[in-house]
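Okay, so here's the structure we're looking at.
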Amino acid sequence: MDTIQIINNNLKDKIAAEHVEILDESHLHRGHKAAGGGGHYSIIVVSPEFENLNVMDRIRLVHTALAQEMTGTPKLIHALQVKTFDTAEWSEKSGTIR
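Numbering-wise (the numbering used here), the sequence shown opens with residue 21 and increments by one.
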């Protein structure tokens, strides 16, 4: 299973994500000395679990759901840009990463 599928599955399983968009931006960071393995990803996550949570708590949930991929061996994620929406917010603003 590739990293994008692993990210998608973990977010859906661990925080009940209803919608996930993942953009692999690793190609923009080739030769980046500090990378040390793992890819660079931008993600949008929509979950009812984000309702009534502030931005930091939402991002904490995402990082917890992806902790193994960010810290394990092999490290699959080096950098992660996260945008979060609860279900109501997403229905009002159906956006994309860019």
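Just so you know, even glycine gets a beta-carbon here, dropped at the ideal spot from N, CA and C.
Taking the CB atoms as reference points, tell me whether Val-102 and Ile-63 lie closer together than 8 Å.
Taking 8 Å as the cut-off, the beta carbon of Val-102 is found closer than this to the beta carbon of Ile-63.
Under 8 Å by Cβ, that's how I've got Pro-68 and Asp-22 pegged, so tell me the actual separation to the nearest angstrom.
Their Cβ separation, rounded to whole angstroms, is 27 Å, which puts Pro-68 and Asp-22 out of contact at 8 Å.
Would you please state the rounded distance, in angstroms, between the beta carbons of Leu-86 and Ile-97? I believe it to be under 8 Å.
Contact annotation, Leu-86 with Ile-97: C-beta distance approximately 6 Å; criterion of less than 8 Å satisfied.
Does the Cβ of Gly-57 lie closer than 7 Å to at least one heavy atom of the ligand MG?
What this structure holds is no ligand at all, so the ligand MG is not there to describe.
Going by DSSP, name the residue or residues bridged to Phe-105.
Per DSSP, Val-66.
In terms of residue numbering, what span does the beta strand (DSSP E) encompassing Leu-73 cover?
Leu-73 -> no beta strand (DSSP E), and no H or E assigned at all.
Whose C-alpha, out of Gly-59, Leu-31 and Val-65, is nearest the C-alpha of Glu-109?
When each option's Cα is compared against that of Glu-109, the closest is Val-65.
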